[in-house]
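> Just so you know, the sequences run in chain order A and B.
Going by my numbering, the first residue of the first sequence is number 1, and it counts up by one from there.
Going by my numbering, the first residue of the second sequence is number 1001, and it counts up by one from there.
2 protein chains.
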Amino acid sequence: MAKAPTVYDVAERSGVSIATVSRVLRSPDAVREHTRQRVLAAVTELGYVPSAAARGLAARRTNVIGLFFPGHDETVPDQPVDSARGDTVPIVDDDADTSSDTENLYFDEVLRGAEIEAWRRGFALMVAAGRGASREALVTDIAGRVDGLAVLARTVPDELLAYVARRIPVVILAGAQRADSFDHVSASNGPGMRTLANYVLQDHGVHDVVYIAGPTDSPDDTERLAGFRDALTDSGVAEADVRILRSDFTRDGGRATAARVLAERRPRAILCSNDETALGVLDVLEQRGIRVPEDVLVTGFDGITAGRHSRPRLTTVHQPMVELGRAAVHAITVRLDDPTLDPQAFTLPVEVVLRESCPRV
Amino acid sequence: MAKAPTVYDVAERSGVSIATVSRVLRSPDAVREHTRQRVLAAVTELGYVPSAAARGLAARRTNVIGLFFPGHDETVPDQPVDSARGDTVPIVDDDADTSSDTENLYFDEVLRGAEIEAWRRGFALMVAAGRGASREALVTDIAGRVDGLAVLARTVPDELLAYVARRIPVVILAGAQRADSFDHVSASNGPGMRTLANYVLQDHGVHDVVYIAGPTDSPDDTERLAGFRDALTDSGVAEADVRILRSDFTRDGGRATAARVLAERRPRAILCSNDETALGVLDVLEQRGIRVPEDVLVTGFDGITAGRHSRPRLTTVHQPMVELGRAAVHAITVRLDDPTLDPQAFTLPVEVVLRESCPRV
DNA sequence: GTGCTGATTGTATGCGCATACATTCCCAGG
DNA sequence: CCTGGGAATGTATGCGCATACAATCAGCAC
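1. Please list, in chain order, all residues of the same chain as E109/A whose beta carbon is under 6 Å from its beta carbon, the five residues on each side excluded.
2. What is the rounded straight-line gap between the Cα of G253/A and the Cα of E351/A?
3. Across which residues does DSSP place G122/A in a beta bridge pair?
4. So, with DSSP's three-state summary, where would you put I1168/B?
5. Can you pull the chain A residues whose beta carbon is under 8 Å from the beta carbon of T1299/B, in chain order?
6. Which ranges does the beta strand (DSSP E) cover as unbroken runs of at least 3 residues, wholly within the region 270 to 298 of chain A, from first to last along the chain?
7. Beta-carbon within less than 6 Å of L1354/B's beta-carbon, same chain only, minus the 5 sequence neighbours each way: which residues are those?
8. Helix, strand or coil for A96/A, going by three-state DSSP, please let me know.
9. Nearest by alpha-carbon distance to G1300/B: which of E1294/B, Q1287/B, N1274/B is it?
10. Taking A1004/B as the query, report the chain A residues whose CB atoms sit under 7 Å from its CB, ordered along the chain.
11. Can you give the Cα-Cα distance for R13/A and A42/A, rounded to whole angstroms?
12. Label E117/A either buried or exposed according to how many other C-beta atoms from any shown protein chain fall within 10 Å of its C-beta, with 16 as the threshold for buried.
13. Would DSSP call L314/A helix, strand or coil?
14. Can you find the residues in the same chain that come closer than 6 Å, C-beta to C-beta, to T1333/B, ignoring five residues on each side of it along the sequence?
15. Per the DSSP calculation, H1184/B is bridged to which residue(s)?
16. For V296/A, collect the residues of the same chain with a Cβ closer than 8 Å to its Cβ; drop the 5 residues on either side in sequence, then sort them by chain order.
17. What is the rounded straight-line gap between the Cα of D1342/B and the Cα of S1022/B?
18. Taking the beta carbon of Y1199/B as the centre, do at least 16 other beta carbons fall within 10 Å, making it buried, or is it exposed?
19. If you reduce the DSSP assignment to three classes, tell me which class V1261/B lands in.
20. According to DSSP, simplified to helix, strand and coil, what is L190/A?
21. Using a C-beta cutoff of 7 Å, does T62/A count as contacting chain B?
22. Taking Cβ-Cβ distances shorter than 7 Å, what residues in chain B pair up with G47/A?
23. Any Cβ of chain B within less than 7 Å of the Cβ of I91/A?
24. Is it true that the region 237 to 246 of chain A meets the region 183 to 194 of chain A, where meeting means three or more beta-carbon pairs spaced less than 8 Å apart?
25. Which one or two residues does DSSP pair with D1208/B in a beta bridge?
26. Work out the CA separation of G1148/B and D1180/B for me, nearest whole Å.
27. If contacts are defined as beta-carbon pairs under 8 Å, then A1174/B and A1153/B qualify, I think. What distance do you get, rounded to the angstrom?
28. Assign Y1106/B to buried or exposed, taking buried as 16 or more other Cβ atoms, counted over all protein chains shown, within 10 Å of its Cβ.
29. My understanding is that A124/A touches D1141/B, with C-beta atoms under 8 Å, so please give their C-beta distance in whole angstroms.
30. Could you pull the start and end residues of the beta strand (DSSP E) that L138/A belongs to?
31. Under the three-state reduction of DSSP, which class applies to G15/A: helix, strand or coil?
32. Can you confirm whether E286/A, when its beta carbon is compared against all beta carbons of chain B, has any partner nearer than 7 Å?
33. Between V1007/B and the rest of its own chain, which residues show a CB-CB distance below 7 Å, the 5 nearest in sequence each way excluded?
34. What are the residues of the region 1011 to 1034 of chain B that lie near chain A, defined by any Cβ-Cβ distance shorter than 7 Å?
35. Where does G300/A fall in DSSP's three states?
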């Protein structure tokens, strides 16, 4: 790790000026073949790697896009990782059905989409997850590092977003399509749930329904619930005739809520606002010997992998999570190209996926 | 997005020099309370966000750590994401058991660990996934942006790594602990498999075993296979008395291989080199009405979430994936603090987790 | 009031690169 | 052989910040 070579070193070694070195790297066609070869040879010999910091400063753009998520480390201990501890491997039992999975599948897939699209368009991707009090510092920190920022809805206070947006374009991911000055990217939560609910209410003809919503602060959930209500209207069912409960989007929460539901009365269908909740519901139903779909229909929302392997396999609305990530990055690049554009809203299509837990009629 | 304010703007507005502004941000204690307040007020009013590029250039370090993965986009179409397409939601059946999950769980979790540890230590995290021919450009690109780089073993040619390592510290993740000049972080693959295999061979007393290995180019797999062979020795079983097959670490591959195994003769136990393979094996066994664990014991390796929800639940060796990510970042920061250190190797402990597919005796 | 000292603040410089502008080169056309 | 003009290259500058060093200030002992 000797001092890293710079353009000056390369220039000297290849007998040209630094401008030529820079040109070889940025616009090779503007340099004569012969010269280019000399420079590239010097680059390789010296192990030259351009400094992104210097480049970013000079070019006034970093070519990095940032992605900001809600924090997810509550479960991770703070102590440092320690090194090897010999070769003894403990053997433990795991019959405790510890199922607080922290299925971050959703974020993971969005991230993957963003990663793909970013590099495809010549941007690097920087990720940050906001955690508690440090969030503000984190956001401005990352804002100083990137050309544009995608933020998961509701993870950053509007005020902070507005502050950051004075400097770089900000895209809000997966939230309601609010009429603010930001670009938005989200899935058709409302229409998706509406379609699925109508399938249950009309095609299955089942009106004895329980709807398990998610946390009130989830914009996605708000839209899904609205879609469900639309379906009630579509199908001529009074809201008073169904039950609507709240859970917390987790599998454990789904179990607890299912227990509450059954304690009162077993419905003919349970619609859940996300897959994890639905999986928890399935757990409880199976445990009590209630057959799905014969006795109760169950549906979820999201399309996580686990739902494809459950028993019975879970009917759901599939969100294009990877595409969401891609679209977010895309939106940022569009705005970078033309900052004068009006705020855009991208709504990505979803699909109702019928599986065993609520089969095709 | 007017021109972003700089230290000069802040300095002018608050009536101090740029040096003082810089101090307020870097070492607040070196500035008088009164002055600090004035400067901070100006910062807020102007919406000032420090440029990481400039800071990185001046400070000669970017405070970014890079993470490089093998690419995973073969399945992602190249066309751009398009926007809203109205509100019609298609309803599709999904009884085709399309199970090419591309379970990137492993990477996702490693990434999560890296993310957590990086920000915790004051670094930003940049992610890149290598794809085919562009890999070389990608690696040097990211190398120019970061203070240190963690690379998943075998995703980047040694030559390229060596090139990059002339400039920044490089940590190799999850590979064999080779005696090279890089730092290494990995899990106890060999001992883990050895312990598990011995449990089957000795505690269960089952010698009629098939081992399904992974791709030959996986260093993890190589170690696991070695661990299995060690166990054979430990337990006094001749290698000729067991079958060793190769698969490809995927669920589909597991199914195909299981079919091959059964076509010949049903063994008493099937040990798989990763969980996905094992899940595929379970699929086939169930389909044929072969009971697990009564007829056949099945084990995996990794500890992915899906294995906790399978039927029967999968016995496995749990790798600390999040910890791997954290350890990688940790290793980089250690080396940044003291570049003269000898190459380090961190081996993280694993655990054999007994579940139904190979229960406790 | 004077001189001294540590605390604050200001001045000047360089980090490594891109790029506008100036200069030199090369070759076709006369 | 000379000249015009585009191609190729060189020169000079600034990007925004951190920091070494210089200058100034406040407070204290005398």
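Think of the CB as a built atom: it goes at the ideal place given N, C-alpha and C, for glycine as much as any other residue.
A quick note: this is a predicted structure, and the numbers were derived from the prediction, not measured.
Per the coordinate set shown:
1. Position 109 of the first sequence, counting from 1, holds the residue named residue 109/A. Contacts found: M321, V322.
2. Here residue 253/A refers to the residue found at position 253 of the first sequence. Here residue 351/A refers to the residue found at position 351 of the first sequence. C-alpha separation (whole angstroms): 25 Å.
3. Locating residue 122/A in the first sequence gives position 122, counting from the first residue. Answer is none; G122/A lacks a bridge partner.
4. For this step, residue 1168/B is matched to residue 168 along the second sequence. In the displayed model, I1168/B falls within coil according to three-state DSSP, outside both helix and strand.
5. Along the second sequence, one-based indexing puts residue 1299/B at 299. Taking the beta carbon of T1299/B as reference, no residue of chain A falls within 8 Å; the closest one sits roughly 12 Å away.
6. Whole beta strand (DSSP E) segments, 3+ residues: zero.
7. Walking along the second sequence from the start, residue 1354/B turns up at place 354. Setting aside the 5 residues that flank it on each side, L1354/B is surrounded in the same chain by T1315, R1360, each with a C-beta closer than 6 Å to its C-beta; the list follows chain order.
8. If you number the first sequence from 1, residue 96/A lands on position 96. Residue confidence for A96/A is low, a pLDDT of 48 falling below 50, so the modelled location carries little weight; the figure read from the coordinates is stated next. In this structure, A96/A counts as coil in the three-state DSSP scheme.
9. As a position in the second sequence, residue 1300/B is number 300, starting the count at 1. From the listed residues E1294/B, Q1287/B, N1274/B, the smallest Cα separation to G1300/B is found for N1274/B.
10. Taking the first residue of the second sequence as position 1, residue 1004/B is located at position 4. The contacting residues are R167.
11. Locating residue 13/A in the first sequence gives position 13, where the first residue counts as 1. Locating residue 42/A in the first sequence gives position 42, where the first residue counts as 1. Cα to Cα, the separation comes out at about 6 Å.
12. As a working note, residue 117/A is residue 117 in the first sequence. Buried.
13. In the first sequence, counting from the first residue as 1, residue 314/A sits at position 314. Here L314/A sits in coil by DSSP.
14. Taking the second sequence and counting its residues from 1, one reaches residue 1333/B at position 333. These residues qualify, in order along the chain: R1121.
15. As a working note, residue 1184/B is residue 184 in the second sequence. In the DSSP output, where bridge partners are listed per residue, H1184/B has I1172/B, A1345/B.
16. The sequence position of residue 296/A within the first sequence is 296, counting from 1. Here the set comprises R266, P267, R268, A269, I270, L285, I290.
17. Mapped onto the second sequence, residue 1342/B falls at position 342. Mapped onto the second sequence, residue 1022/B falls at position 22. Cα to Cα, the separation comes out at about 36 Å.
18. On the second sequence, position 199 is the one that residue 1199/B refers to. Per the 10 Å Cβ criterion, buried.
19. Here residue 1261/B is taken as the residue at index 261 of the second sequence, counted from 1. Note: V1261/B maps to helix in three-state DSSP.
20. If you number the first sequence from 1, residue 190/A lands on position 190. Before going on, a small fix: residue 190/A reads as Gly here, not Leu. DSSP places G190/A in helix when its eight states are reduced to three.
21. If you number the first sequence from 1, residue 62/A lands on position 62. Chain B contact via Cβ: present.
22. Numbered from its first residue, the first sequence carries residue 47/A at position 47. Correct list: Y1163, R1166, R1167.
23. On the first sequence, residue 91/A is found 91 positions in, with the first residue counted as 1. By this cut-off, I91/A is an interface position.
24. In this structure the region 237 to 246 of chain A does not lie against the region 183 to 194 of chain A, because fewer than three pairs of beta carbons, one per stretch, are closer than 8 Å.
25. Position 208 of the second sequence, counting from 1, holds the residue named residue 1208/B. According to DSSP, D1208/B bridges with nothing at all.
26. Within the second sequence, numbered from 1, the residue matching residue 1180/B stands at position 180. Within the second sequence, numbered from 1, the residue matching residue 1148/B stands at position 148. Taking the straight line from one Cα to the other gives about 17 Å.
27. Taking the first residue of the second sequence as position 1, residue 1174/B is located at position 174. Taking the first residue of the second sequence as position 1, residue 1153/B is located at position 153. That belief holds up - the Cβ atoms of A1174/B and A1153/B are roughly 5 Å apart, short of 8 Å.
28. The residue given as residue 1106/B occupies position 106 in the second sequence. Buried.
29. Taking the first residue of the first sequence as position 1, residue 124/A is located at position 124. Taking the first residue of the second sequence as position 1, residue 1141/B is located at position 141. At roughly 7 Å, the Cβ-Cβ gap stays under 8 Å, so A124/A and D1141/B are in contact.
30. As a first step, residue 138/A must be located in the first sequence, where it is residue number 138. L138/A -> not in any beta strand (DSSP E); alpha helix (DSSP H) instead, spanning 135 to 143.
31. Along the first sequence, one-based indexing puts residue 15/A at 15. Secondary structure of G15/A (DSSP, three-state): coil.
32. For the purposes of this step, residue 286/A is identified with residue 286 of the first sequence, where counting begins at 1. It does not: the Cβ of E286/A has no partner Cβ on chain B nearer than 7 Å.
33. One-based indexing of the second sequence puts residue 1007/B at position 7. Setting aside the 5 residues that flank it on each side, V1007/B is surrounded in the same chain by I1018, V1021, S1022, each with a C-beta closer than 7 Å to its C-beta; the list follows chain order.
34. none
35. Locating residue 300/A in the first sequence gives position 300, counting from the first residue. If DSSP states are grouped into helix, strand and coil, G300/A belongs with coil.
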